[in-house]
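In what follows, a single structure is set out as structure tokens and then discussed.
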Amino acid sequence: MSPGDYVKEAYRCILRSDFEEAIMCFEAAISADPNDPEVRYRCSITYARSGKLEKAAEHARAAVKLDGEKQDYRLHLQHLQAMMHVREAKGLLEEATGFQSNPYRPITLLKEAVQLDPLYGDAYVWLAIAHSRVNDHLAAIAAMKEVISLHPGDEGLRELMKDLQKSLQKYVQ
């Protein structure tokens, strides 16, 4: 099969929600033509949808290396990097020993995530949580205001904001 045939088959698999098979088709297309940045990009998206962020980032980096002028490739890579920072920070926050060894590491990771992808709402939410954990409630509230401005109709975010404001009031007293 030609690289184009593999890509067509990958899309057929995606329509059936068979992402694992789609990945195999994209990988076959890449093996047939490793210098096609668009196939690398599409493969990266499929890996990301499957939760395989490292493999997604690997293919996104390859797409950017092959065609660094295409903004979609760069933005996708930045989003993946932001997702990986959030995942790492979340792990540190959920793991008591990791958070205690350096409570500011999650904040650093999450600030980097926000810089990489300013529209990634999860990064702001976790940044607010991280700030709250070190009793920096004003910074937590500022992060929540940012995410609420991105998702103004999200009631869950508004509830979290109320909780943070209560935490600030208790801390001040």
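Residue numbering for the sequence shown follows numbering that gives the first Met the number 0, starting at 0 and increasing by one per position.
Here a beta-carbon is modelled for each residue, glycine too, at the ideal position from N, C-alpha and C.
Computed from a prediction, not measured in an experiment: that's the story for all the values here.
Item to complete: Confirm, please, whether the CB-CB distance from tyrosine 123 to valine 113 is below 8 Å.
Response: Translated into the one-based positions of the sequence shown, residue 113 becomes position 114. Translated into the one-based positions of the sequence shown, residue 123 becomes position 124. Yes. Within cutoff.
Discussion item. Quick check: the Cα distance between valine 63 and alanine 56, rounded to an integer number of angstroms?
Written reply: Locating residue 63 in the sequence shown gives position 64, where the first residue counts as 1. Locating residue 56 in the sequence shown gives position 57, where the first residue counts as 1. Alanine 56 has its alpha-carbon roughly 10 Å from the corresponding atom of valine 63.
Fill in: Boundaries of the alpha helix (DSSP H) in which glycine 3 is found, first to last residue
Locating residue 3 in the sequence shown gives position 4, where the first residue counts as 1. Unbroken alpha helix (DSSP H) run through glycine 3: 2 to 14.
Worksheet entry | Buried versus exposed call for threonine 107 [16 or more other C-beta atoms within 10 Å across all chains shown] | Within the sequence shown, the letter at position 108 stands for residue 107. Threonine 107 is exposed by the Cβ-count criterion.
Worksheet entry | Alpha-carbon to alpha-carbon, lysine 110 and leucine 126 | Along the sequence shown, read from residue 1 onward, the residue named residue 126 stands at position 127. Along the sequence shown, read from residue 1 onward, the residue named residue 110 stands at position 111. Computed Cα separation, rounded: 7 Å.
Worksheet item: For proline 105 versus alanine 129, is the C-beta spacing smaller than 8 Å?
Response: Within the sequence shown, numbered from 1, the residue matching residue 105 stands at position 106. Within the sequence shown, numbered from 1, the residue matching residue 129 stands at position 130. Yes, these two residues count as a Cβ contact at 8 Å.
Worksheet item: Is the stretch 46 to 60 touching the stretch 14 to 27, taking contact as three or more C-beta pairs under 8 Å?
Response: Two segments are said to touch when three or more pairs of C-beta atoms, one from each, lie closer than 8 Å; by this definition the stretch 46 to 60 touches the stretch 14 to 27.
Worksheet item: Mind checking arginine 11: buried by the 16 CB within 10 Å criterion, or exposed?
Response: Position 12 of the sequence shown holds residue 11. Answer is exposed; the Cβ neighbour count stays below 16.
Item to complete: With DSSP collapsed to three states, give me the class of leucine 118.
Response: Locating residue 118 in the sequence shown gives position 119, where the first residue counts as 1. Note: leucine 118 maps to coil in three-state DSSP.
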